[in-house]
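Participant: Sharing a structure with you now.
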Amino acid sequence: MVGGGRDAFIGAVHRIAARIDDQYELVAGCFSSDAEKSLASAADLGVARAYASFAEMAAKEARRKDGIEAVAIVTPNHMHAPVALQFLKRGIHVICDKPLTHTLPEAKKLAKAAEASGVVFALTHNYTGYPMIRQAAAMVAAGELGEIRLVQVEYAQDWLAEPIEDSGQKQAGWRTDPARSGAGGSTGDIGTHAFNLANFVSGLAVEELAADLQAFVPGRRVDDNAHVLLRYSSGARGMLWCSQVAAGQENGLRLRIYGTKAGIEWEQETPNTLWVGPLGQPKYRLTRNGPGAGPEAGRVSRIPSGHPEGYLEGFANIYTEAARAIIARRDGTTLDPAVTFPGLKEGLEGVAFVDACVRSSARNAAWVKLNL
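Residue 143 in our numbering sits at position 163 of the sequence shown, with consecutive numbering throughout.
Here it is as structure tokens:
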């Protein structure tokens, strides 16, 4: 692991997710850009092979007979590419937190390097690992909704409703610093999740968008709210709202998709339920392991129906799917076609989304194409 040391939130989430299905063992790490803190964090975690820099870690692990097979990158956005490139050139698989990078040119450079290296590259858009999201995507792909007309997705939080970055809060500090987060604030942090989720379930590709970005908190240098209109290449239309200043909201990720035959609705805060509304018929509810749920939901579920699975388990599904791909690559076996996880394509799309939002908003919400 690179990053994720003391006082880091997402590193612990990655470590828990990696261990849920017993597919990984954490054996080495550079847990902070501060060498002393990295070594102290390794001691906290009982990791013997601790490094003062990620470059040293990549070089030394590549030379070991028992060196790491994969690296998890859980740093702020601006460090994703520099870290990944060190491991890619040594043939080490990469599991990277989203977004792929903090600028589009850097994302394209990293994607080329990853493709040339031939390794497995997974991006942890963890919400695509939720069982009912897999169910929803399968229903759309099977034509149960008919031709998709409308896509509505939102991700609302309130934790940045006040300028807590000025108080020294670490997570707020780097997320509101364009040098580390990139040009997008809420668009890069949670808007990319909403964008990826809508694309994954609908199976559609956004062709152009019109975005109105705001920084409601005085002095904030990146957006903390965004309203985005979407035009899909299929002719479908969509709307995306992401906000980190919506008072009273915790993690309000919500997806609604409407076709010519039916609509579906899912909320992250009640993740084991998918509502289905057939045209002209009563709405009904599907649950994770309940009647009507298909194998797509079942293969990423662990516990009996009625017991909730959520954030950590969804994250774990991405890690486990990546493990299956790594093992198949290592052993020269055929990968099960059901294995699904976000990768370079989704990473490029996410960074292109942020880039397009910033360009559009600078032109008074003009329609712009994604530069893919």
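Ideal Cβ positions, reconstructed from N, Cα and C, are used throughout, including at glycine.
Following the continuous alpha helix (DSSP H) through M37, name the residue where it begins and the one where it ends.
Facilitator: 34 to 43
Participant: Could you give the residue range of the beta strand (DSSP E) that holds R129?
Facilitator: 128 to 136
Participant: Do the region 197 to 216 and the region 91 to 106 touch if we need at least three Cβ pairs shorter than 8 Å?
Facilitator: no
Participant: Among I244, L103, T167, whose alpha-carbon lies nearest the alpha-carbon of L130?
Facilitator: I244
Participant: Please classify N344 as buried or exposed, where buried requires at least 16 other C-beta atoms within 10 Å of its C-beta.
Facilitator: exposed
Participant: Tell me the rounded alpha-carbon separation between R29 and L328.
Facilitator: 32 Å
Participant: Check whether the region 247 to 263 touches the region 285 to 296, taking contact to mean three or more Cβ pairs, one atom from each stretch, closer than 8 Å.
Facilitator: yes
Participant: For the beta strand (DSSP E) holding Y212, just list the boundary residues, first then last.
Facilitator: 205 to 212
Participant: Is the beta carbon of T172 closer than 8 Å to that of G330?
Facilitator: Going by C-beta atoms, G330 is nearer than 8 Å to T172.
Participant: Can you give me the C-alpha to C-alpha distance between P85 and F196, rounded to a whole angstrom?
Facilitator: 28 Å
Participant: Express the C-alpha separation of A305 and I75 in angstroms, rounding to a whole number.
Facilitator: For I75 and A305, the distance between alpha carbons rounds to 12 Å.
Participant: Let me know the secondary structure DSSP gives V186 once reduced to three states.
Facilitator: strand
Participant: Starting from the Cα of A(-8), find the closest Cα among P322, A308, F295, E326 and give me that residue.
Facilitator: F295
Participant: Between E16, G323, A152, E276, which lies nearest to G165 when the distance is taken from Cα to Cα?
Facilitator: A152
Participant: Pull the bridge partners of V74 from the DSSP assignment, please.
Facilitator: V51, F101
Participant: Near T267, what residues of its chain come up, given a Cβ to Cβ distance below 7 Å and the 5 sequence neighbours on each side ignored?
Facilitator: N252, T253, A273, S285
Participant: Please report the distance separating the alpha-carbon of I(-10) from that of M59.
Facilitator: Whole-angstrom Cα-Cα distance: 15 Å.
Participant: Beta-carbon within less than 6 Å of F333's beta-carbon, same chain only, minus the 5 sequence neighbours each way: which residues are those?
Facilitator: F175
Participant: For E187, tell me which candidate among E5, L350, V225, L315 has the shortest Cα-Cα distance.
Facilitator: L350
Participant: With respect to the beta strand (DSSP E) encompassing A242, which residues constitute its N-terminal and C-terminal limits?
Facilitator: For A242, the enclosing beta strand (DSSP E) has its first and last residue at 242 to 247.
Participant: How long is the line joining the alpha carbons of N205 and E293, rounded to whole angstroms?
Facilitator: 28 Å
Participant: Can you check which of these residues, D203, Q115, K89, A(-3), is closest to G168 by C-alpha distance?
Facilitator: D203
Participant: Less than 8 Å between the C-beta atoms of A42 and R70, yes or no?
Facilitator: yes
Participant: Using 8 Å for Cβ pairs, my map puts C337 next to V208. What's the rounded Cβ distance?
Facilitator: Here C337 really is in contact with V208; their C-beta atoms are around 6 Å apart, less than 8 Å.
Participant: Between which two residues does the beta strand (DSSP E) carrying M219 extend?
Facilitator: 217 to 223
Participant: Check whether the Cβ atoms of T81 and L90 sit closer than 8 Å, and answer yes or no.
Facilitator: yes
Participant: In whole angstroms, what is the alpha-carbon distance linking N297 and S18?
Facilitator: If you draw a straight line from the Cα of N297 to the Cα of S18, it is about 28 Å long.
Participant: Would you report the Cα separation of G148 and R(-14), rounded to the nearest angstrom?
Facilitator: 15 Å
Participant: For A318 and P275, what's the separation of their Cα atoms in angstroms?
Facilitator: 10 Å
Participant: Going by beta-carbon coordinates alone, are A242 and L259 separated by less than 8 Å?
Facilitator: In contact: A242 and L259 (Cβ atoms closer than 8 Å).
Participant: How should P56 be labelled, buried or exposed, when 16 other C-beta atoms within 10 angstroms of its C-beta is the threshold for buried?
Facilitator: buried
Participant: With H, G and I counted as helix, E and B as strand and the rest as coil, what does DSSP make of A(-12)?
Facilitator: It is coil, neither helix nor strand.
Participant: For the beta strand (DSSP E) containing R236, name the first residue and the last one.
Facilitator: 232 to 239
Participant: Residue range of the alpha helix (DSSP H) that G294 falls in?
Facilitator: 291 to 311
Participant: Counting only the same chain and skipping the five closest in sequence on each side, list residues whose C-beta sits under 6 Å from that of G109.
Facilitator: G294, N297, I298
Participant: Label P111 either buried or exposed according to how many other C-beta atoms from any shown protein chain fall within 10 Å of its C-beta, with 16 as the threshold for buried.
Facilitator: buried
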